[in-house]
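In what follows, a structure is listed as structure tokens, so that the remarks can point back to it.
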Amino acid sequence: MENNKQRWNKSKVLYVVLSVLFSCAIWLYVDSINNPEKEKTISDIPIEYVGSDTILADRGLMLLPESDQTMTLTIKARRLILAKLDPDKIRIQANLSDITETGAHNVGYTVRYPSNIPRDAVSYSNASYAAHVEIGELYRRNVDIRCTLTGTVAEGYIAGELRLEPETLELRGPRTEVDAVAYAKVTLAVDNATETVSKALDYELYNEAGELIEDTSNLRATSDQIQVTLPVNVEKELPLRVNFIETAGARVQNLDYSITPASITVSGAAELLKDVEYITLDDFELAEFVGPSTYRYTINVPAGCENLSGAARATMTVRFKDMASADFNAVNFTCENVPEGKTVTVLTAELPVSLRGTAADVASVKAEDITVTADLTDILAAGGSYTVPAKVIVGNGADVGVVGEYQVKITISEDTGQEETPDPTVP
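In the working numbering, the protein residues as written are 4 to 430.
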């Protein structure tokens, strides 16, 4: 009994739904029979002229403001279609590509509906199926662009020369109206600027008397805005320096030197100079420096900056305050990088070496403080006698440098476990 009742309730709901759908279908059918089409008048639809600034301009022609700017259409469609039609999304396009001369012309147009409206579901009727256009001769002329600067840069900064892009403005339009323009003007406002300012600005047109030209509807320009750049620079005094590369026995603290000029003043963009504290003239190897000398260098300022001091070259005089040298006969020899399974004997018994440094450091060195180490890196496993490079090390802690390069003679043989005796006749 309960199951029969549930089945009856489900059937009842289904009958109600089907009845509603059937009623709607009948209503739509009757509506389509009784109201096949309705009309809706839409006014002030803007006309888009295709080719005005391209094709016509290339032919030396222009569209004058006297041309039709809007259109009124009477749209025909079924009521449901009209209800979905958004008037603001209707577009009218007129193509000017067939116009080749000045004067009055009538051009056909195309009505474009929103994408949700089927094209075959609407039509339009209108008293005129063409747009009336007036075509005039296009005249071109370049006018100067002036920039008015308001505000200031921050204290300690300098405003550079204004840059405009484009530098001149090309105007197009009727000759009388184009010739009435003397210049275009933009206004750049800066407020305590600490870096370069660059803005795209709208411009206004002025006549020869400096009066603003209010009506520019007949004028066209190749640029809608002017890119204005104001370099904001900073002045900075930068010391001149030389990058001294020290070596043993030759230290910066032992130098007496002067650079003239000691510094220069440069101007440049703040972002270029913010991390620059000095100008390096050159690298100077103290290992190669011997006695008092004078050097001249070109002063290279950071890229994009200006040398306000005017000095293009700098002079450095340099000498050691205290420099002594002495010759020693080294008698201590060792080897490094000996091939595995080989015995190496140093044949050189004494090696004259030259050292330099301060007088006190050089005087503290004795011959037994010096060790000469033969480097066998390039020696192959074969036996025999060789002359190999050697490095000289002073082991007493004195800050002295070795002057020159040195070599020693060695002999290499198979390792037999017995120590070879050096030949006393080999120097």
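Think of the CB as a built atom: it goes at the ideal place given N, C-alpha and C, for glycine as much as any other residue.
As the structure is a computational prediction, the values presented were derived from the model and not from experiment.
Counting C-beta neighbours from all protein chains within 10 Å, is the total for residue i 16 or more, i.e. buried, or is it exposed?
{"i": "I36", "result": "With a pLDDT of 48 at I36, under the threshold of 50, the modelled position of this residue cannot be trusted, and the question is left open."}
{"i": "S46", "result": "exposed"}
{"i": "T301", "result": "exposed"}
{"i": "P49", "result": "exposed"}
{"i": "D218", "result": "exposed"}
{"i": "T320", "result": "exposed"}
{"i": "N210", "result": "exposed"}
{"i": "T376", "result": "buried"}
{"i": "G404", "result": "buried"}
{"i": "L191", "result": "buried"}
{"i": "E176", "result": "A small correction: the amino acid at residue 176 is Gly; Glu does not occupy that position in the sequence shown. So G176 ends up on the buried side."}
{"i": "V245", "result": "buried"}
{"i": "E417", "result": "exposed"}
{"i": "L289", "result": "buried"}
{"i": "A3", "result": "In the structure as shown, the chain begins at 4 and stops at 430. Residue 3 is therefore absent and cannot be evaluated."}
{"i": "L24", "result": "exposed"}
{"i": "A224", "result": "buried"}
{"i": "T57", "result": "exposed"}
{"i": "T103", "result": "exposed"}
What does residue i pair with, by DSSP beta-bridge criteria?
{"i": "P355", "result": "N332"}
{"i": "S70", "result": "The partner list for S70 (beta bridge, DSSP) is empty, contrary to what the question assumes."}
{"i": "V136", "result": "H108"}
{"i": "E42", "result": "K79"}
{"i": "E238", "result": "S270"}
{"i": "R143", "result": "R175"}
{"i": "A162", "result": "V235"}
{"i": "C338", "result": "A377"}
{"i": "P49", "result": "T73"}
By Cβ distance, which residues of its chain are closer than 7 Å to residue i, with the 5 residues on each side in sequence left out?
{"i": "I120", "result": "I84, K87 and L88"}
{"i": "Q410", "result": "T390, V391, P392 and A393"}
{"i": "E249", "result": "V255 and L289"}
Thinking just about the alpha-carbon of each residue, which of the options is nearest to the one in residue i?
{"i": "D143", "options": "G344, V304, R62 and A265", "result": "At residue 143 the sequence reads Arg, which differs from the Asp that was named. The shortest C-alpha separation from R143 is found at R62."}
{"i": "L208", "options": "D56, L59, G54 and D147", "result": "D147"}
{"i": "S357", "options": "I382, E343 and I396", "result": "I396"}
{"i": "L243", "options": "A185, S226, S312 and Y116", "result": "S312"}
{"i": "K412", "options": "A401, V406 and T337", "result": "T337"}
{"i": "A401", "options": "F287, T105 and R254", "result": "R254"}
{"i": "I282", "options": "E240, G360 and P49", "result": "E240"}
{"i": "A97", "options": "V341, D381 and S55", "result": "S55"}
{"i": "Y116", "options": "H135, K79 and N335", "result": "K79"}
{"i": "G344", "options": "L258, E274 and I415", "result": "I415"}
{"i": "D381", "options": "E339, T73 and T348", "result": "E339"}
{"i": "G398", "options": "A196, C150 and E371", "result": "E371"}
{"i": "F287", "options": "L258, K277 and A315", "result": "L258"}
{"i": "T361", "options": "A327, A203, I95 and V375", "result": "A327"}
{"i": "A272", "options": "N145, N303, I161 and S261", "result": "I161"}
{"i": "L233", "options": "V406, K202, A134 and V184", "result": "K202"}
{"i": "A363", "options": "V53, R122, D325 and T351", "result": "D325"}
{"i": "L59", "options": "S100, G154 and E42", "result": "S100"}
{"i": "T151", "options": "M65, F292 and L165", "result": "L165"}
{"i": "G294", "options": "E309, Y260 and A265", "result": "Y260"}
{"i": "G154", "options": "E249, S131, D194 and V181", "result": "D194"}
{"i": "Y132", "options": "R122, G111 and S118", "result": "G111"}
{"i": "V365", "options": "F331, L354 and N129", "result": "F331"}
{"i": "T73", "options": "R122, N129, S226 and E280", "result": "N129"}
{"i": "P342", "options": "V181, G387 and K369", "result": "G387"}
{"i": "P199", "options": "T171, G163, T268 and E214", "result": "Rather than Pro, the amino acid found at residue 199 in this sequence is Thr. Selected option, being the one with the closest Cα: G163."}
{"i": "S220", "options": "Y206, E249, E180 and E214", "result": "E180"}
{"i": "F247", "options": "N109, T351, A352 and E291", "result": "E291"}
{"i": "S226", "options": "Y206, V237 and V304", "result": "Y206"}
Assuming residue i contacts residue j (C-beta within less than 8 Å), just tell me the rounded distance between them.
{"i": "R322", "j": "G252", "result": "Wrong, their Cβ atoms sit about 15 Å apart, outside the cutoff."}
{"i": "A107", "j": "E137", "result": "6 Å"}
{"i": "I216", "j": "V189", "result": "Rounded, the Cβ-Cβ distance is 15 Å, inconsistent with contact."}
{"i": "T263", "j": "A315", "result": "Rounded, the Cβ-Cβ distance is 13 Å, inconsistent with contact."}
{"i": "E168", "j": "N145", "result": "About 14 Å separates the two Cβ atoms, so there is no contact after all."}
{"i": "S367", "j": "E309", "result": "Incorrect: roughly 52 Å between the Cβ atoms, too far for contact."}
{"i": "L347", "j": "L379", "result": "Correcting the residue type first, residue 347 is Val in the shown sequence and not Leu. Yes, they are in contact, since the Cβ atoms of V347 and L379 sit about 7 Å apart, within 8 Å."}
{"i": "D71", "j": "A134", "result": "5 Å"}
{"i": "Y52", "j": "L66", "result": "6 Å"}
{"i": "V184", "j": "L204", "result": "Between L204 and V184 the Cβ distance is about 17 Å, and since that is not below 8 Å, they are no contact."}
Whose C-beta lies closer than 8 Å to the C-beta of residue i among residues of the same chain, with five residues either side of it excluded?
{"i": "A306", "result": "L275"}
{"i": "V114", "result": "L76, I93, R94, I95 and Y127"}
{"i": "E40", "result": "K79, A80 and R81"}
{"i": "D69", "result": "What sits at residue 69 in the sequence shown is Glu, not Asp. Excluding positions up to five away in sequence, the list reads E137."}
{"i": "G159", "result": "V237 and E238"}
For residue i, which residues of its own chain have a beta-carbon under 6 Å away from its beta-carbon, when the five flanking residues on both sides are left out?
{"i": "T297", "result": "T320"}
{"i": "N335", "result": "T374"}
{"i": "P90", "result": "I45"}
{"i": "R149", "result": "Y186 and K188"}
{"i": "L156", "result": "According to the sequence shown, residue 156 is Val rather than Leu. Cβ within range, chain order: A162, A196 and V235."}
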